[in-house]
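Written below as structure tokens is the structure these notes are about.
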Amino acid sequence: MPAFVIHCHGVRGSVPVSGPQFHHYGGATTCFEIEHRTDHRVLVDMGTGALNIPALLPDDQPVRFTVFLTHLHWDHVLAIPFFGPLYQPSNEFDFYGHPVMGMSIEEAIDAVMRPPWFPVTFRGSAAKKRFHHLDGEAVVVDDLTVRHTRLHHPGGVTAYRLERRGAAIVIATDVEHGEEASDAELLEFTRGADLLIYDAQYLPQEQASIRAGWGHSTWRAAAELARRAEVGRLLLTSHDPGRVDEEVDRVVEEARRYFPATDAASEGMTVVIPAAPGL
14 MPAFVIHCHG VRGSVPVSGP QFHHYGGATT CFEIEHRTDH RVLVDMGTGA LNIPALLPDD
74 QPVRFTVFLT HLHWDHVLAI PFFGPLYQPS NEFDFYGHPV MGMSIEEAID AVMRPPWFPV
134 TFRGSAAKKR FHHLDGEAVV VDDLTVRHTR LHHPGGVTAY RLERRGAAIV IATDVEHGEE
194 ASDAELLEFT RGADLLIYDA QYLPQEQASI RAGWGHSTWR AAAELARRAE VGRLLLTSHD
254 PGRVDEEVDR VVEEARRYFP ATDAASEGMT VVIPAAPGL
């Protein structure tokens, strides 16, 4: 049995896009699922990629969702108001994340998921909802251990390290490299992971000029981090909404010159990470 099976439901940054030029990598925004149980889904973020999930759920069976939120910018939570399971009273949701600007997770989502911006309120949706504010301690979900750290991004962002059966994956999207303390923290947090899923929205020349301070990283920074942290594999994510398939292909080619075990995440991709020998 593998340690992890990761489903990439959405890997686009900032806004969803569509069209034939985005066919391979997809246009849905960030949502990763860590395969757990049919009736218990573990998600990192609920961008529009989460809207691919309801069709995969068992019919007429209650489902529990454990959702780890990196932050609450639109592209990471936009599926929530349109997520059908949220309106089924037999379902349960556990949301994990950090408070933002003095608001709890519940308050922040409910502030925008309500009239006149949406016809129903978040608090009024029928599923049972629980909210957990991260406090530095690891979260344990059955046999899955989830560690977390705060990194550099406008308003802050949370990276997650998931560990199971002697293997580890790190999801660090929407982080901007170049802030010394954040970079040092992420290096130690990532060290030795079997898989690093990392923000590479901008080209190095973009991030160094007009997009400095916009809260994203580059393929070059991703490859350098993967090399220094001695990870097993690098998966680039948060593709710029203007970056068509052929351009993402070129990003991968460049990154492989610095870290050969590099791929770009694509919508619908499944990544399998084996357990450590003997586990």
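Residue numbers (the working numbering): 14 to 292. Virtual Cβ for every residue (Gly too), placed ideally from N, Cα, C.
Would you mind working out which of Ser117, Phe135, Asp88 sits nearest proline 94, comparing C-alpha positions? Taking the sequence shown and counting its residues from 1, one reaches residue 94 at position 81. Proline 94 has its Cα closest to that of Phe135, out of Ser117, Phe135, Asp88.
Beta-carbon separation (whole angstroms), phenylalanine 17 vs isoleucine 47, contact threshold 8 Å: If you number the sequence shown from 1, residue 17 lands on position 4. If you number the sequence shown from 1, residue 47 lands on position 34. Yes, they are in contact, since the Cβ atoms of phenylalanine 17 and isoleucine 47 sit about 6 Å apart, within 8 Å.
Alpha carbon to alpha carbon, how far is proline 29 from isoleucine 19? To locate residue 29, count along the sequence shown from 1; it is residue 16. To locate residue 19, count along the sequence shown from 1; it is residue 6. If you take the alpha carbons of proline 29 and isoleucine 19, they lie about 21 Å apart.
Round the Cβ separation of glutamine 34 and valine 257 to the nearest angstrom and send it over; I've been treating them as touching at under 8 Å. The residue labelled residue 34 in the question sits at position 21 within the sequence shown. The residue labelled residue 257 in the question sits at position 244 within the sequence shown. Contact between glutamine 34 and valine 257 is confirmed by a C-beta separation of about 4 Å, below the 8 Å threshold.
Leucine 208 versus Ala278, Leu164, Thr162, Val133, residue with shortest Cα-Cα distance: As a position in the sequence shown, residue 208 is number 195, starting the count at 1. Nearest of Ala278, Leu164, Thr162, Val133 to leucine 208, Cα basis: Ala278.
Have a look at aspartate 88 and valine 244 and give me their C-alpha separation to the nearest angstrom. On the sequence shown, residue 88 is found 75 positions in, with the first residue counted as 1. On the sequence shown, residue 244 is found 231 positions in, with the first residue counted as 1. Cα to Cα, the separation comes out at about 27 Å.
Alpha helix (DSSP H) segment containing leucine 199, residue limits: Position 186 of the sequence shown, counted from the start, is the residue given in the question as residue 199. Per DSSP, the unbroken alpha helix (DSSP H) holding leucine 199 starts and ends at 193–203.
Reference arginine 236; option with closest CA among Leu216, Asp156, Leu56, His166: Indexing the sequence shown from 1 puts residue 236 at position 223. This sequence places alanine at residue 236; arginine is not what is there. It is Leu216.
Please classify serine 195: is it buried, with 16 or more other beta-carbons within 10 angstroms of its beta-carbon, or exposed? The residue labelled residue 195 in the question sits at position 182 within the sequence shown. Serine 195 is buried by the Cβ-count criterion.
Alpha-carbon spacing of valine 285 relative to proline 129, whole angstroms: Along the sequence shown, one-based indexing puts residue 285 at 272. Along the sequence shown, one-based indexing puts residue 129 at 116. The straight-line gap from Cα to Cα measures roughly 43 Å.
Is isoleucine 184 closer than 8 Å to alanine 172 when the C-beta atoms are compared? Translated into the one-based positions of the sequence shown, residue 172 becomes position 159. Translated into the one-based positions of the sequence shown, residue 184 becomes position 171. Yes.
Does valine 257 come out as helix, strand or coil in the three-state DSSP assignment? For the purposes of this step, residue 257 is identified with residue 244 of the sequence shown, where counting begins at 1. The DSSP-derived three-state label of valine 257 is coil.
Using C-beta distances below 6 Å, list every residue in its chain close to serine 31, excluding the 5 sequence neighbours before and after it, in chain order. As a position in the sequence shown, residue 31 is number 18, starting the count at 1. Taken in chain order, the residues that qualify are Gly40.
Does the Cβ-Cβ distance between phenylalanine 78 and phenylalanine 106 come in under 8 Å? Working through the sequence shown from its first residue, we reach residue 78 at position 65. Working through the sequence shown from its first residue, we reach residue 106 at position 93. Yes, these two residues count as a Cβ contact at 8 Å.
Can you have a look at glycine 168 and say buried or exposed, based on whether 16 or more other CB atoms are within 10 angstroms of its CB? Working through the sequence shown from its first residue, we reach residue 168 at position 155. Counting of Cβ neighbours within 10 angstroms places glycine 168 among the exposed residues, the total staying below 16.
Quick one: what's got a C-beta closer than 6 Å to proline 112's C-beta in the same chain, skipping five residues either side? In the sequence shown, counting from the first residue as 1, residue 112 sits at position 99. Only His146 meet the Cβ criterion.
Which residues bound the alpha helix (DSSP H) around alanine 180? As a working mapping, residue 180 is identified with position 167 in the sequence shown. Annotation: alanine 180 is outside any alpha helix (DSSP H); the continuous beta strand (DSSP E) that includes it extends over 180–185.
Over what stretch of residues does the alpha helix (DSSP H) that includes leucine 64 continue unbroken? Position 51 of the sequence shown, counting from 1, holds the residue named residue 64. Unbroken run through leucine 64: none, as it is neither H nor E.
If you follow the beta strand (DSSP E) that leucine 249 is part of, which residue opens it and which one closes it? Locating residue 249 in the sequence shown gives position 236, where the first residue counts as 1. Residues 247–250.
Return the Cβ separation of arginine 160 and alanine 151 in integer angstroms, given the expectation that the two are a contact with Cβ distance under 8 Å. The residue labelled residue 160 in the question sits at position 147 within the sequence shown. The residue labelled residue 151 in the question sits at position 138 within the sequence shown. Rounded, the Cβ-Cβ distance is 5 Å, consistent with contact.
Can you name the start and end residues of the alpha helix (DSSP H) that glutamate 120 belongs to? By 1-based counting over the sequence shown, the position of residue 120 is 107. Counting along the chain, the alpha helix (DSSP H) containing glutamate 120 begins and ends at 118–125.
I want to check one thing, is the minimum distance from the CB of isoleucine 118 to the heavy atoms of the ligand SAH below 7 Å? The ligand SAH is absent from the structure shown, which contains no ligands of any kind.
On the DSSP bridge assignment, give the partners of threonine 158 in chain order. Working through the sequence shown from its first residue, we reach residue 158 at position 145. Beta-bridge pairing links threonine 158 to Val153, Glu176.
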